Amino acid sequence: MTNETDKNKGERIAKLLARAGVGSRRAVERMIEAGMVKINGETIKSPAFLITSVEGITVDGQVVKPPEAPRLWLYHKPTGRLTTYYDPEGRPTIFEALPANMPRVISVGRLDLNTEGLLLLTNDGALARWLELPSTGWVRSYRVRVNGRFHHKRLEEITKGVTIDEVQYRKVEVDLDERKEGVNQWLTISITEGKNREVRKLLEYAGLTVSRLIRTSYGPFEIKNLQKGSVAEVAKSEMLISCRDYFKDQDVEIPDPKKDKKKQTKGDGWAKSKPKKNAKPKKSRSRQEDKSGKTAIRKNKPFKK
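For the sequence shown, the residue numbers in the numbering used here are 5 to 309.
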C-alpha cells in the first residue's frame, strides 16, 4: 500500500479496483465517495490514492481479490432482464441468469429492459470502460422493428448528426428493408455511441415507434447463432487482437492477426458458420451520400411515402 505523495509508486486505487472487477472506474469512484472502500479498516476518501496491491482492501465489507487476467464474453440478452446487479423493485437481472461457474463480471454498457441481443461482459472494469468509449470507433448495429409514418427529412437528418432535446447525437447509418404489407417495417441502424436509449430516441424523432430492438453486433463481435440467454467466452487471441489498442501498453504478448487466421470462440451455443462450396464473394452494398460525403440512408428499394 502507498499514498498520494508517492508519485512514482503504485496505481490509482480506482483504476486497480476496476481491473479487479469491482466495477467500472466511474462506479468505483462513486463507491469511494460513498465511503464504501477501506484499506485495513481505514476509509479511503480519494480515487487518486495510490496502491501497489489490493491487499487489505474491502468494498462494502467484502474483501477484494487480486485482479485476474482479463477475459471477455458474449451474452445474448433476452428481453425482461435488467443490466444491473441489483434492482430495488426486485425485477430479474442478467447477472442472476449467468452460469454459476462464471467469475464476477461487468457489462460493457447496458441494454434496456425491453432490448435484446448482444451484450459484452468482462471481468476487467478498465477494459469495460475502454470498450464503452466512442473513441474506439466501434460500430454497434441493431435490427429494429418499427411502426409509424416516416418523417423523411428527419430520417435523413439523423444520418448526418442531430440535436434532440439539447443532446447531440453523432451521425448514424440507416438501412431500410424492403417494405412489405402491414404496419411494421424492419430496418438496421448502426451507431458509434451508446447514449441512453439512443436508437429509440433517434427513430422517435423520425416519426417511428420501436416495437422490437435487437443488437446484432458490437465492433468486431457478432451475435451470430448464439442462443438467447447463452454465454460464449471470446478466445484470448481474438480478444487481444480485437482490443490491441487497450493491451498495447500492458505486459502482454499480442498475437499477429496474420498468423492467427483461425479465430475461435469458446462456449455453449457458439459455432462458426461454414462457407458454402463454390460460393461467390458478396458484393458490397451501395450507399447514398450527400454532397459532403457523409453516408445517408441505405435501402434495398424505395419505401412508399
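Beta carbons are placed, not taken as given, at the ideal position from N, Cα and C, and that holds for glycine. This one's a predicted model, so the numbers in the text were calculated from it and none came from an experiment.
Contact set for residue i: own chain, Cβ-Cβ below 6 Å, skip 5 residues either direction
{"i": "residue 71", "result": "23, 24"}
{"i": "residue 216", "result": "149"}
{"i": "residue 221", "result": "145"}
Cβ neighbours of residue i in the same chain (closer than 8 Å, five flanking residues each side left out)
{"i": "residue 174", "result": "138, 165, 195, 196, 197"}
{"i": "residue 152", "result": "211, 212, 213"}
{"i": "residue 225", "result": "78, 122, 124, 238, 246"}
{"i": "residue 58", "result": "20, 21, 24, 68, 69, 70, 71"}
{"i": "residue 168", "result": "205, 206, 209"}
Burial state of residue i, where buried means 16 or more other Cβ atoms lie within 10 Å
{"i": "residue 129", "result": "buried"}
{"i": "residue 90", "result": "exposed"}
{"i": "residue 254", "result": "exposed"}
{"i": "residue 112", "result": "buried"}
{"i": "residue 51", "result": "buried"}
{"i": "residue 229", "result": "exposed"}
{"i": "residue 84", "result": "exposed"}
{"i": "residue 100", "result": "exposed"}
{"i": "residue 279", "result": "Interpretation of residue 279 is limited by its pLDDT of 48, a score under 50 that renders its predicted location unreliable; no figure is taken from the coordinates."}
{"i": "residue 127", "result": "buried"}
{"i": "residue 136", "result": "buried"}
{"i": "residue 95", "result": "exposed"}
{"i": "residue 242", "result": "buried"}
Helix, strand or coil at residue i [DSSP, three-state]
{"i": "residue 38", "result": "coil"}
{"i": "residue 139", "result": "helix"}
{"i": "residue 222", "result": "strand"}
{"i": "residue 182", "result": "coil"}
{"i": "residue 204", "result": "helix"}
{"i": "residue 268", "result": "Annotation note: pLDDT 49 at residue 268 (below 50); position unreliable, coordinate value reported separately. Coil, per DSSP."}
{"i": "residue 89", "result": "coil"}
{"i": "residue 32", "result": "helix"}
{"i": "residue 52", "result": "coil"}
{"i": "residue 117", "result": "coil"}
{"i": "residue 233", "result": "coil"}
{"i": "residue 81", "result": "strand"}
{"i": "residue 57", "result": "coil"}
{"i": "residue 76", "result": "strand"}
{"i": "residue 245", "result": "helix"}
{"i": "residue 95", "result": "coil"}
{"i": "residue 160", "result": "helix"}
{"i": "residue 16", "result": "strand"}
{"i": "residue 131", "result": "helix"}
{"i": "residue 46", "result": "strand"}
{"i": "residue 286", "result": "Reliability of the predicted coordinates at residue 286 is poor, the pLDDT of 45 falling under 50, and no value is obtained from them."}
{"i": "residue 104", "result": "coil"}
Those residues which DSSP pairs with residue i across a bridge
{"i": "residue 173", "result": "166"}
{"i": "residue 21", "result": "In the DSSP output, where bridge partners are listed per residue, residue 21 has none listed."}
{"i": "residue 190", "result": "149"}
{"i": "residue 213", "result": "151"}
{"i": "residue 66", "result": "63"}
{"i": "residue 110", "result": "126"}
{"i": "residue 195", "result": "144"}
Within-9 Å CB hit, residue i to chain B
{"i": "residue 46", "result": "Absent from the structure is chain B; it holds one protein chain and no more."}
Nonlocal neighbours in the same chain, by C-beta distance under 7 Å from residue i, ignoring five residues either side
{"i": "residue 29", "result": "18, 19, 22, 129, 130, 133"}
{"i": "residue 233", "result": "80, 82, 101"}
{"i": "residue 250", "result": "131, 134"}
Report task. Could you tell me whether the stretch 195–213 touches the stretch 142–156, using the rule of 3 or more Cβ pairs below 8 Å? Result -> yes
**Report entry** Contact the stretch 151–166 vs the stretch 109–122: 3+ CB pairs below 8 Å
**Finding:** no
Report task. Determine, using beta-carbon pairs with one atom in the stretch 233–240 and one in the stretch 71–80, whether at least three such pairs fall under 8 Å. Result -> yes
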